[in-house]
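What follows is a single structure, written as structure tokens, with notes after it.
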Amino acid sequence: MRPASAEGPVGKAELVSKATITSHADNLLLQLSWERPTIQSNTRIVFIGHSLGGLVIKQALLNAQRNRNYESILKSTFGLAFFAVPHRGSNLGKTVSALVRSLSGANADNKILESLETNSLFTKDMIKQYRYMLENYRIVSFYEQMDTPLFGRAVAIVGEESAVLDLPGTRELQVAVTDADHSSICKIAGKGNMYKIIMRSITGHITDQAIEAVQSYVPPPSISPLQNIQPPRAGPSLLASNSLATATPPAPVTGTLYLPNGTSEVDLNLAEHKNMGQWDKAVALENSIFQERQRTLSAEHPSTIETACNLAYSFCQAGKPNDASSWIDWVLKTSRRVLGDEHQLSLKAEALTSAVLSLRGEPEKAEAVCVGVLMRQQDQLGEDHADTLETQGLLGEISYQLGRKEEGCERLFSWAQHVEKVFGENHLKAHSASLTWLEAKYPMDVGQFSISRIPPVIKRSVTTLHRDISNACSQYHPLAIYCIRLLGKWQACEGQYVESSDTLRRALATAEKGLGGDHPETIQVVLCLGQLFCKRNMWKEAAPFYERYAEWISGRRGNANRENLDALEALGQLYLGSKEWSKAETTFQKLLAAASGVDNRVIQEAENKLQQLALINGKRRNRGGIFGF
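Structure, rendered in structure tokens:
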């Protein structure tokens, strides 16, 4: 541990005048960059701030997001200890401001003191911006319980409501310091009771965890075959012991799926689009950001390259691999030349290449790319980095796609454990990973009238999760709809076909209203409804859902896509089952054209079906007359 301190100017009149939180935060970052020697990238930083100093720390982390010179500081920050910091302003802000001014003779334009006023523009703005960063750190919030002498009377300066952030216990520890007021809360004399409370809180919740994180980091071997990739280390399985083993999660839903890249209104709107699954809107906004940065910063500026990489990711999430591919090619070429092969953006673009190959129905190629980039991300970025975790989950999905379902489930479970360990068991990212694993572990068997049982505790947990996500975010949140879809699928698995139909139709109506008819989650619900009717041997009822699914797949991923071939083949069989010969013939002709030069098995199957249909149509024509078809 290497302590360092930075003095703040907020109590000195000659330095307070016309100062802003932003400028003090920049000074803090500059001083820290000078104090901090060149050290290993996994060394952690813990910030400790009192009162206004806590606001400076928060703003410094926001500023570091926008300045790549401080990228290492931002990534290395592990914990924050706040002593009576007015996160939500203070009812006595004007009084405190007047007191400091009267004592120091400070100028009335002092924006730092103005920011303390409850509901002031600055405080609202800081809360809005900082909320996206809270999930990245372990935090201890100390709050005073003694009144502070002021103007001849004792008053509470920063109460508990203002001094705490209300994060889950896994991220924030809230500590009352009973024998301290606003001034003395950070002035520890001797090693008495107050010292023990503060030291044990910080070491137990932050520094011990930081040391453990550093010591537990072990880079993977430089060369390793796929079967030797070791799953990331995880603590006690929260998936097994809490989140999925009890009917009620231990804490409300926390966090967000996507953080903004900056603090501007455009960045915040973009993150909101992504969090609500509005990928077409995200693509349009990111494209405009890219064009602007290319014009003002140049095509080779890191921010421009990053925007292009994010745009490719959004295209993947929208289910448009062909559009994503052209952006990925540009990012790879530019990033490797400008930033290097092992830069975070170069590695992320390679991982997106794997995602594109998977979406195109080429899982073998996708796996080969995914394995290589995962190893390098673990080595260069660390196992806990968001990009590394994303690639780890992708590898599990690809393994499942390749038909190695047991291995895929194991990888997805290990990934979900790791995400839960990094973000906390009630974070939306942890829930998203858990739902992905559950869908793989308990799939819908489309075999006619096949029955399987889903553990009741799983169904109760997903039901509760749907309620919590709907309350915390929206009933139209993609994960809330995901929950309904899983419940509907599982009802079909257990033979509750009427209930399943009602649940899935509810999911479809919600998805179409909240996400749109072309959203990938909406189309997944459509496919589930088609599969449900197939299980019941209701070919005519299933056909419209498969028609919609096949049209979406071919439009987004191309006719030769594996999923499109499977959808057309299934649709042709449905038409045969319902004796719609003309539609069946047209569908198998489409299948034959789509599979040409792609899949010989499918070609042979389509030709066989067309021959059968030719015989059927021949018999129909031979019958003729009023008795003909």
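So for the sequence shown, the working numbering puts the first residue at 298; every next one is plus one.
Beta carbons are placed, not taken as given, at the ideal position from N, Cα and C, and that holds for glycine.
On a predicted model such as this, the values are computed, not experimentally measured, just so you know.
Endpoints, the beta strand (DSSP E) within which residue i is located
| i | result |
| --- | --- |
| H728 | Looking at the DSSP string, H728 is not in any beta strand (DSSP E); the run it does join, the alpha helix (DSSP H), is L725 to K738. |
| G376 | T374 to F380 |
| Y440 | R435 to E441 |
| V472 | E469 to V474 |
Alpha-carbon spacing of residue i relative to residue j, whole angstroms
| i | j | result |
| --- | --- | --- |
| W331 | A322 | 14 Å |
| L329 | Y434 | 18 Å |
| A544 | N768 | Bear in mind that a pLDDT of 41 at A544, under 50, signals an unreliable position, so the number given afterwards is only what the model happens to contain. Rounded to whole angstroms, A544 to N768 spans 17 Å at the Cα level. |
| P547 | L762 | Low confidence applies here, because P547 scores a pLDDT of 45, under 50, leaving its location unreliable and the question unanswered by this model. |
| H479 | R385 | 16 Å |
| N572 | Y555 | 6 Å |
| R833 | H682 | 45 Å |
| S651 | F439 | 46 Å |
| T631 | A605 | 10 Å |
| E848 | L912 | 28 Å |
| E882 | Q908 | 10 Å |
| L910 | Q901 | 14 Å |
| F885 | E866 | 7 Å |
| L377 | P383 | 14 Å |
| L358 | T551 | 20 Å |
| S585 | P599 | 16 Å |
| G616 | E818 | 10 Å |
| G705 | V653 | 18 Å |
| K906 | E860 | 19 Å |
| L656 | L873 | 29 Å |
| C790 | K702 | 18 Å |
| A665 | R708 | 16 Å |
| L862 | A891 | 7 Å |
| I264 | I342 | This structure cannot settle anything about residue 264, because the visible part of the chain is limited to 298 through 926. |
CA nearest to the CA of residue i, picked from the options
| i | options | result |
| --- | --- | --- |
| Y798 | K810, C831 and D815 | According to the sequence shown, residue 798 is Ser rather than Tyr. Nearest option by C-alpha distance: C831. |
| A864 | L735, T560 and V899 | V899 |
| D676 | L691, G705, H640 and E694 | H640 |
| A590 | G690, H728 and I602 | According to the sequence provided, residue 590 is Arg. The question's Ala does not apply to it. Here the closest residue by C-alpha is I602. |
| L784 | L692, N914 and R802 | R802 |
| G669 | D638, Q698 and R657 | D638 |
| C780 | D626, V343, L644 and S731 | S731 |
| L470 | F380, V455 and I482 | F380 |
| L686 | E659, D620, V461 and A648 | A648 |
| N914 | S758, W878, L888 and T760 | W878 |
| Y773 | I755, W627 and G813 | G813 |
| G855 | T560, Q506, D620 and T760 | D620 |
| C825 | I370, G811, S320 and T800 | T800 |
Per-residue burial, residue i [other beta carbons within 10 Å of its own, 16 or more giving buried]
| i | result |
| --- | --- |
| V472 | buried |
| D444 | exposed |
| M672 | buried |
| T475 | exposed |
| S622 | buried |
| N525 | Residue placement at N525 cannot be trusted, given a pLDDT of 36 that sits under 50; the coordinates are not used to answer. |
| N364 | exposed |
| M741 | buried |
| V353 | buried |
| Q588 | exposed |
| D463 | exposed |
| G501 | exposed |
| T593 | exposed |
| P618 | buried |
| G489 | exposed |
| A579 | buried |
Residue range of the alpha helix (DSSP H) that includes residue i
| i | result |
| --- | --- |
| H347 | Element bounds for H347: not the alpha helix (DSSP H) but the beta strand (DSSP E), I342 to H347. |
| A864 | R859 to G874 |
| A839 | W836 to R854 |
| R450 | Per DSSP, R450 belongs to no alpha helix (DSSP H); it is in the beta strand (DSSP E), R450 to V452. |
| Q886 | W878 to A892 |
| N364 | Note, N364: premise wrong, no alpha helix (DSSP H); not H, not E. |
| Y773 | It is not in any alpha helix (DSSP H) - Y773 carries neither H nor E in the DSSP assignment. |
| M496 | N490 to I499 |
| D765 | P753 to A769 |
| S459 | E457 to A460 |
Residue i beta carbon near the ligand NAP (any heavy atom closer than 7 Å)
| i | result |
| --- | --- |
| K887 | The ligand NAP is absent from the structure shown, which contains no ligands of any kind. |
Residue ranges of each alpha helix (DSSP H) within the segment 556 to 583, 4 or longer = 562 to 572
List in chain order: all unbroken alpha helix (DSSP H) runs of 4+ residues lying wholly within the segment 583 to 631.
-> Taking 4 residues as the shortest admissible run, the segment 583 to 631 contains the following complete alpha helix (DSSP H) segments, listed from N- to C-terminal end: 599 to 614.
Whole alpha helix (DSSP H) elements within the segment 788 to 816, 4-residue minimum = 794 to 811
Segments of 4+ residues assigned as alpha helix (DSSP H) that fall wholly inside the segment 654 to 735 | 660 to 677, 683 to 698 and 702 to 720
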